[in-house]
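Undergrad: To convert, note that position 14 of the sequence shown is 14 in the UniProt record's numbering; the numbers rise steadily by one, no gaps. We put the beta carbon where it would ideally sit given N, CA and C, even for glycine. What you are looking at is a predicted structure, and each value in this text was computed from that prediction instead of being measured. Take a look at the following structure, please.
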Amino acid sequence: MSIRDWPAAERPREKLLERGAANLSDAELLAIFLRIGVRGKSAVDLARELLQRFGGLRGLLEADQRGFSQGQGLGPAKFAQLQAVMEMARRHLGETLQRGSALERPEAVRTYLKAQMRHERNEVFGCLFLDTKHRPLGFEILFRGSIDSATVYPRQVVKRALAYNAAALILCHNHPSGNPEPSKADIRLTHRLVDALESIEVRVLDHFIIGDGEPLSMLERGVSSVTRPEVLPMASSLASQLPQ
């Protein structure tokens, strides 16, 4: 039976318009994106098969062009369309974050950084540069590495902070494995960057590690390299506003 023959309340598009996108399943959302099915399969049936093939919505969204295009009913045009939608979503998050201080919108910071990094297959390191009122000036991925490591040069981080005329920044990197727990190397790196940036009077507000689930805050975890005594006044002001 074609979706057009379904009761109106069960059609994905009509259901979204009446109840909102949050009330749709992954398959229903994907069916709206696909628009049409293939011979013998409705868009919803095809969406279910694709989700099973890719191991879920995340696997489909993070597939490269070659892997994506191997899915039935998919191809370069759909891949381009999907990448455009995802980039619009990331830019929307960035504009939302721009409206206020990073300290006043800690959850928006987490969401934005996760959107920027979670899809990366290799480890990457970036910075969110902030002004004197902790409003975002810009975000950059500064270093790209392998599946489990990325070489970070403090001198380059300092150089970019000066280019933005930043007063503070938030460090971030991803763990492609999905486990956000900081390694000893992560802690040592944070310590080095805090020292390097203090030399130019730029404060490190936090270091987020992006994995599965919520980004891990090294500040909340109590990592000494972020919360050592000379940085505690700044750290306390941020910690008091972070979600419990």
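1. Is the number of C-beta pairs between the segment 18-37 and the segment 46-56 that are closer than 8 Å three or more?
2. On the three-pair Cβ rule with 8 Å, is the segment 121-136 touching the segment 163-180?
3. Should L219 and P180 be called a contact, given that it needs their Cβ atoms to be closer than 9 Å?
4. What distance in whole Å lies between the Cβ atoms of V158 and L189, which are believed to be in contact at a cut-off of 8 Å?
5. Considering A168, what are the terminal residues of the beta strand (DSSP E) in which it resides?
6. On the three-state DSSP scale, how would you describe V152?
7. Under a three-way DSSP split, which group does I147 fall into?
8. Under the three-state reduction of DSSP, which class applies to E220: helix, strand or coil?
9. Within 10 Å of its beta-carbon, does E10 have 16 or more other beta-carbons around it, so buried, or fewer, so exposed?
10. Can you tell me whether M88 is buried or exposed? The criterion is at least 16 other CB atoms within 10 Å of its CB, across all chains shown.
11. Distance check for H134 and E28, CA to CA, integer angstroms please.
12. Give me whichever residues DSSP pairs with P136 in a beta bridge.
13. Around the C-beta of H175, are 16 or more other C-beta atoms found within 10 angstroms, so that it is buried, or is it exposed?
14. So which of R203, I187, G67 and H191 has the shortest CA-CA distance to L162?
15. Over what stretch of residues does the alpha helix (DSSP H) that includes I210 continue unbroken?
16. Which residues does DSSP list as the beta-bridge partners of E38?
17. E14 lies in the alpha helix (DSSP H); which residues open and close that run?
18. How long is the line joining the alpha carbons of A8 and G20, rounded to whole angstroms?
19. Work out the CA separation of V194 and E201 for me, nearest whole Å.
20. By the three-class DSSP mapping on this structure, what secondary structure does residue 265 have?
21. Would DSSP call Q200 helix, strand or coil?
22. Near L93, which residues of its chain fall below 7 Å by C-beta distance, leaving aside the five closest residues on each side in sequence?
TA: Judging by the given coordinates:
1. yes
2. yes
3. Their beta carbons are not under 9 Å apart, which means L219 does not touch P180 by this criterion.
4. Not a contact, Cβ separation roughly 14 Å.
5. A168 to N174
6. coil
7. coil
8. helix
9. By the neighbour-count criterion, in which 16 or more other beta carbons inside 10 Å mark a residue as buried, E10 falls on the exposed side.
10. Flag for M88 reads exposed.
11. Roughly 40 Å separates the two Cα atoms.
12. L130
13. buried
14. R203
15. Not the alpha helix (DSSP H): I210 falls in the beta strand (DSSP E), residues R203 to I210.
16. Note on identity: in this sequence residue 38 is Val, with Glu being the wrong assignment. Answer is K41.
17. P12 to R19
18. Whole-angstrom Cα-Cα distance: 15 Å.
19. Distance between the alpha carbons of E201 and V194 is about 10 Å.
20. Given a span of 1 to 244 for the chain in the structure shown, any question on residue 265 remains unanswerable.
21. The sequence given here has Ile at residue 200, not Gln. Of the three classes helix, strand and coil, the one that applies to I200 here is coil, per DSSP.
22. T111, Y112 and A115
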